[in-house]
Each structure stands twice: as C-alpha cells, then as structure tokens.
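Sequential numbering of the sequence shown, starting at 473, is according to the working numbering.
First comes the structure, then the notes that go with it.
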Amino acid sequence: MESSIGFIFIGFLLLNTSIYPQNKEENFHKNKSSSDTASILNRKILKIYEELGIARELLKLERMESIPSGTFVTFLGTYPNRKGIKVAKHSIQEGKNGIEKAESKSILLEFTGTTLSKVITEVKSENMDGSDITLIRLTDETPLDQDVDDILLHADKTVKKFVIQSNFLRTIEKGQSSNKNFISNFWKTF
Numbered sequence: 473m474e475s476s477i478g479f480i481f482i483g484f485l486l487l488n489t490s491i492y493p494q495n496k497e498e499n500f501h502k503n504k505s506s507s508d509t510a511s512i513l514n515r516k517i518l519k520i521y522e523e524l525g526i527a528r529e530l531l532k533l534e535r536m537e538s539i540p541s542g543t544f545v546t547f548l549g550t551y552p553n554r555k556g557i558k559v560a561k562h563s564i565q566e567g568k569n570g571i572e573k574a575e576s577k578s579i580l581l582e583f584t585g586t587t588l589s590k591v592i593t594e595v596k597s598e599n600m601d602g603s604d605i606t607l608i609r610l611t612d613e614t615p616l617d618q619d620v621d622d623i624l625l626h627a628d629k630t631v632k633k634f635v636i637q638s639n640f641l642r643t644i645e646k647g648q649s650s651n652k653n654f655i656s657n658f659w660k661t662f
C-alpha cells in the first residue's frame, strides 16, 4: 500500500515540474537536473518493483488466514497455477452524522513465470452521498524496464452537478422534458 502512495507522489512530482524555462542557461541546468531527477526516480521505482516481486511467494500459498481487518486478498487464477495477486485495503471515515467518506486502495501484481509483468495501483475515494468520487489509477505494463516513462496515469473526478446533469438527460430520454419547473430547477442547481 505504501507503494501506491509512492506512485501517486511520483506522479504529482512529475506533473509539478516546470515545462517552460526562461533562458538557455536556465534551460541547460534544468535539463541536467531534470535528467538527474528522472534517473533517480527510475532507480527508486525499479527498486520498489523488485521488492514487490517478492509477492510471487504469496501465490504458492493455498489460502491466507490472518489478514488485517479491512484488507482483502484476491488471486488471479486457481491454485496452484496462479498468475497474480490483488490486495485491497478499505477504510471508512466516520463523522458526527455517521459514515462520511469511504476510501479503497489496491495494488494488482501480475507475473509471467517468476517475473513481475504488470502493476496496477488504484486509489478510489467517495463521499457517502455520492457527491464526490475520485479515482486515481497508475498502470505499468513493463515494470522491470529501466524507464518509467511508460506508466499510465488515469485520474477521474465526479462531482454532484454531473450526477444531476445525467439524471436530467435520462429524464429527457423518457419524454418528460416538457416540465418547465423541472428544467428551471435543474438550472438553479448550477
């Protein structure tokens, strides 16, 4: 699970670097430090992936008995021919009115033989009223290569107004769009 947080941190770090240098000298220094930073990140991520490769040993277990609460383990394939493992951790935040927010973090590790061949890290967060859903997914199809430029980042955020809009569109499809009160109420929500 710490690796998923590490991947998210690395993704945001890469997104926050400057794209447009101001002069050639600054450009030279930035390119040099940028390539140094990329090299350091490549080494750190490769080390994390090599450590995750140890999870291959978990595929040899017929079943797992003592797992922390809120943690679920799913195997890809059937014993003894499993090819991967998915570990998900679910947590709930409670407020004075009950449950306020739910969060799920998961990592999927797929193996080809004894080699780590695919890593998918996912973090999903949702308010209990469904008004705010956030999904961040990092996918690496070639985790043990020397370059992290091929990691795919997928981020999706849904807020309440989009849910209202989709309900409005469903109402139009059902032929109820002639209701002027409904339409005026719909636009007031924005």
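Even glycine gets a Cβ: it sits at the ideal position worked out from N, Cα and C.
Small disclaimer: the values here were computed from a predicted structure and weren't measured.
Cut-off 8 angstroms between Cβ atoms - residues of its own chain near residue i, not counting five sequence neighbours on either side
| i | result |
| --- | --- |
| T587 | G525, L616 |
| I557 | A527, L530, L531, V545, T546, F547, L548, L580, L581 |
| Q494 | Residue confidence for Q494 is low, a pLDDT of 44 falling below 50, so the modelled location carries little weight and cannot support an answer. |
Residues near residue i in its chain [Cβ-Cβ closer than 6 angstroms; skip 5 each side]
| i | result |
| --- | --- |
| N599 | K573 |
| I605 | E598, T630 |
| E537 | none |
| N488 | Per-residue confidence for N488 stands at a pLDDT of 42, beneath the threshold of 50, marking its modelled position as unreliable; no derived number is given. |
| D612 | V591, I623 |
CB contact check: residue i to chain D, cutoff 8 angstroms
| i | result |
| --- | --- |
| F544 | You won't find chain D in this structure, because it holds only one protein chain. |
From the options, residue whose alpha carbon lies closest to that of residue i
| i | options | result |
| --- | --- | --- |
| E534 | V559, K596, Q565, P552 | P552 |
| R666 | S511, K532, E594 | What is shown of the chain runs 473 to 662, which leaves residue 666 out entirely. |
| P540 | E523, D622, V595, H562 | H562 |
| D622 | V591, G602, K519 | V591 |
| N569 | K577, Y521, D601 | D601 |
| E575 | V595, E566, S589 | V595 |
Close-in-space but distant-in-sequence residues of the same chain around residue i (CB under 7 angstroms, 5 per side omitted)
| i | result |
| --- | --- |
| D628 | L607 |
| I564 | I571, A574 |
| T614 | D622 |
| Y521 | L588, V591, P615, L616 |
| G542 | K561, H562, S563 |
Buried versus exposed call for residue i [16 or more other C-beta atoms within 10 Å across all chains shown]
| i | result |
| --- | --- |
| E529 | exposed |
| I512 | exposed |
| D508 | exposed |
| L571 | In the sequence under discussion, the amino acid at residue 571 is Ile, which differs from the Leu named in the question. Result: exposed. |
| K519 | exposed |
CB-CB length for residue i against residue j, believed under 8 angstroms
| i | j | result |
| --- | --- | --- |
| A560 | F583 | Between F583 and A560 the Cβ distance is about 18 angstroms, and since that is not below 8 angstroms, they are no contact. |
Residues that DSSP places opposite residue i in a beta bridge
| i | result |
| --- | --- |
| T606 | S597, K629 |
| I564 | A574 |
| L548 | G556 |
| T611 | I592, L624 |
| T543 | K561 |
| I459 | Coverage of the chain is limited to positions 473 through 662, which leaves residue 459 absent and any answer about it impossible. |
| T509 | None, per the DSSP bridge assignment. |
| T586 | Partner(s): none; T586 has no beta bridge. |
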